[in-house]
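The next block holds one structure in the form of structure tokens; read it before the comments.
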DNA sequence: TTGACGATCCTTACACCGTAAAGCTACAGT
DNA sequence: ACTGTAGCTTTACGGTGTAAGGATCGTCAA
């Protein structure tokens, strides 16, 4: 059979975008070269023209996710900048939860990833944080964001928006006498209808930024 | 052929333990039912006597990892208890980095997991934290630990112990004019030979616990 | 105009994966 | 002695990533 001729040849970005769309819709497990090819109207092996192998594809997907995160806005107070970046990062990771497990199997970060990190570091250095302090703040903040996203992803498996329902359902499976404190916490949350685990993010972030402000004052005096 | 008769029948725990050993040694990708069977001197299908399917196995592995973490010690100051738990948790996750990506695809946590969480919550409630504050502290702390472990796992891919070597190697791939701040930070770390990214954990944890102490004082007054 | 070349896509093939289905064997309980 | 069942095996099926080797085109040099 004569090979199908597409109106425009496939680009690497098309492949990556289609893969992200597919995974967003149907989960990481649904991403196979054959299915991805099908979504693009192409045989599986054709994808290898644009992508070295599946791992390369996954790496590109992760980088594309990083590209979606707001970079540190220039010219704003460091605290506002950190808030912006952290919030955006969490939002993006929440929309693409599959990116998190991929994060730790990628050995060569892409340009968007590196640029994102660099911009935030630059923001901190510009704000007067010393190099070691910048390292501390960055490790602290990033850990929090990633870890929060990880927990959120774990919860989001069952419930998309309102954790209250999830909490109620969870209670049915938790023997109250075996895990009294867990039950207490979940009950209290479920009671406050509309409460979302996501709210914890803002609280935690504020606490974290307070801690960073402490470092900043120690190094630069009160502003 | 007559089925091989083992001296003692296989137990679920044996299967899980062997799977963990296999994955510790050769990575998650190396875990296939056939290989695991081989490691146990058994055909792949025999494993299904002890395990519902591969997902069930992975869940059991995660729970076994949780079981290795030190529970919150009773009768100590909450701050010491949190330090113990967080440190232990990180250490365990560092030894079994594959558990992290698995965390967020498991929908039914095992007993060890639930018990671990319950103990820590109990410790906080006992120390005088209100229910909402306990939620905040817990989300904050757990996010940090998971996120830190995630970043560490991502770095550990190439270098096991001393990040200084890793930093030096990384520098060779980073164009200094494209990512100036990234290069600055990595350079500074590489300069301090023997510096390990792992040191950031203690620093971050201290900052975090300070923030928690703030909450505690606000709720209970100075102790 | 011709002819070589490289990019894009296709077909075929292979080893490996998870697991459904069915059968074997040896012990436990009646 | 008969039956059930727990542990293990064999076989088989559809799916996976990807190596190898064409096929068809647009482009550019001769």
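Residue numbers (our numbering), protein chains in the order written: chain A, 14 to 236; chain B, 14 to 236. Here a beta-carbon is modelled for each residue, glycine too, at the ideal position from N, C-alpha and C. Fair warning: this is a prediction, and the values are worked out from it, not measured in the lab.
(message) Taking the alpha-carbon of residue 99/A as reference, which of 228/A, 217/A, 88/A has the nearest alpha-carbon?
(response) 217/A
(message) DSSP three-state label for residue 233/B, please.
(response) Judged by DSSP in its simplified three-state form, residue 233/B adopts helix.
(request) Please report how far the alpha carbon of residue 67/B lies from the alpha carbon of residue 25/B, in whole angstroms. (result) 13 angstroms
(request) Please confirm if residue 161/A has its CB atom under 8 angstroms from at least one CB of chain B. (result) yes
(message) Closer than 7 angstroms between beta carbons: that is the criterion. Which residues of the region 81-108 of chain A meet it against chain B?
(response) none
(request) For residue 230/A, count neighbouring Cβ atoms within 10 angstroms of its own Cβ and tell me buried if that reaches 16, exposed if not. (result) Around the beta carbon of residue 230/A, fewer than 16 other beta carbons sit within 10 angstroms, so the residue counts as exposed.
(message) Taking 8 angstroms as the limit between beta carbons, can you name the residues of its chain near residue 157/A, skipping five residues before and five after?
(response) If we look at residue 157/A and ignore the five residues flanking it on each side, its Cβ neighbours are 99, 217, 218, 221.
(message) Under 8 angstroms, with one C-beta from each stretch per pair, do the region 110-128 of chain A and the region 27-39 of chain B reach the 3-pair mark?
(response) No: fewer than three Cβ pairs fall under 8 angstroms.
(request) Inspect the CB distances between the region 38-54 of chain A and the region 77-87 of chain A and report whether three or more fall short of 8 angstroms. (result) no
(message) Under DSSP, the alpha helix (DSSP H) around residue 46/B begins and ends at which residues?
(response) 46-52
(message) So residue 138/B contacts chain A; which residues on that side make the cut at Cβ distance below 8 angstroms?
(response) Simply 194, 197.
(request) Anything in chain A within Cβ reach of residue 144/B, meaning under 8 angstroms, just list it in chain order. (result) 197, 198, 201
(message) Distance check for residue 102/A and residue 140/A, CA to CA, integer angstroms please.
(response) 21 angstroms
(request) Report the residue from 180/B, 235/B, 193/B whose alpha carbon sits nearest the alpha carbon of residue 210/B. (result) 180/B
(request) Return the chain-ordered ranges of every alpha helix (DSSP H) run that is complete within the region 135-195 of chain B and spans a minimum of 4 residues. (result) 144-169, 176-186
(message) Can you check whether the C-beta of residue 213/B is within less than 8 angstroms of a C-beta belonging to chain A?
(response) yes
(message) Using the three-state DSSP reduction, which class does residue 14/A fall into: helix, strand or coil?
(response) With a pLDDT of 43 at residue 14/A, under the threshold of 50, the modelled position of this residue cannot be trusted; read the value that follows with caution. Residue 14/A falls in the coil class under three-state DSSP.
(request) Consider the Cβ of residue 156/A: report whether some Cβ of chain B lies at a distance smaller than 8 angstroms. (result) yes
(message) Just checking: is the beta-carbon of residue 117/B within a distance shorter than 8 angstroms of some beta-carbon in chain A?
(response) Answer yes: the Cβ-Cβ gap between residue 117/B and chain A drops below 8 angstroms somewhere.
(request) Please confirm if residue 129/A has its CB atom under 8 angstroms from at least one CB of chain B. (result) no
(request) To the nearest angstrom, report how far apart residue 200/A and residue 184/A are at their CA atoms. (result) Taking the straight line from one Cα to the other gives about 7 angstroms.
(request) Consider the Cβ of residue 216/B: report whether some Cβ of chain A lies at a distance smaller than 8 angstroms. (result) At least one chain A Cβ lies under 8 angstroms of residue 216/B.
(message) For residue 76/A, which residues in the same chain have their Cβ closer than 6 angstroms to its Cβ, ignoring the five residues on either side in sequence?
(response) 123, 125, 126
(request) Determine, using beta carbons only, whether residue 53/A and residue 27/A come nearer to each other than 8 angstroms. (result) yes
(request) Work out the CA separation of residue 60/B and residue 148/A for me, nearest whole Å. (result) 46 angstroms
(request) To the nearest angstrom, report how far apart residue 228/A and residue 159/A are at their CA atoms. (result) 22 angstroms
(request) Assign residue 232/A to one of two classes, buried (16 or more other C-beta atoms within 10 Å of its C-beta) or exposed (fewer than that). (result) Counting Cβ neighbours within 10 Å, residue 232/A comes out exposed, since fewer than 16 surround it.
(message) Please tell me whether residue 223/B and residue 224/A are closer than 8 angstroms, where the distance is taken between their beta carbons.
(response) Cβ atoms of residue 223/B and residue 224/A: closer than 8 angstroms.
(request) Go ahead and label residue 85/A buried or exposed: buried means 16 or more other beta carbons lie within 10 angstroms of its beta carbon, across all protein chains shown. (result) buried
(message) Does residue 226/A come out as helix, strand or coil in the three-state DSSP assignment?
(response) helix
(request) Assuming residue 71/A and residue 154/A form a contact by the criterion Cβ under 8 angstroms, report the distance between their Cβ atoms to the nearest whole angstrom. (result) A Cβ-Cβ distance of about 25 angstroms is found for the pair residue 71/A and residue 154/A, leaving them out of contact under the 8 angstroms criterion.
(message) Suppose contacts are defined by Cβ-Cβ distances below 8 angstroms. Is residue 91/B in contact with residue 137/B by that definition?
(response) yes
(request) Closer than 8 angstroms by beta-carbon distance: list the chain A residues that pair up with residue 134/B, in chain order. (result) Ordered by position in chain A, the residues that pass the 8 angstroms Cβ test against residue 134/B are 194, 195, 197, 198.
(message) What does the alpha-carbon distance come out to for the pair residue 132/B and residue 63/B?
(response) When rounded, the separation of the alpha-carbon atoms in residue 132/B and residue 63/B is 29 angstroms.
(message) Please tell me whether residue 187/B and residue 198/B are closer than 8 angstroms, where the distance is taken between their beta carbons.
(response) no
(message) For residue 165/A and residue 107/A, which I take to be in contact (beta-carbon distance under 8 angstroms), what is that distance rounded to the nearest angstrom?
(response) Sure, about 6 angstroms apart at Cβ, within 8 angstroms.
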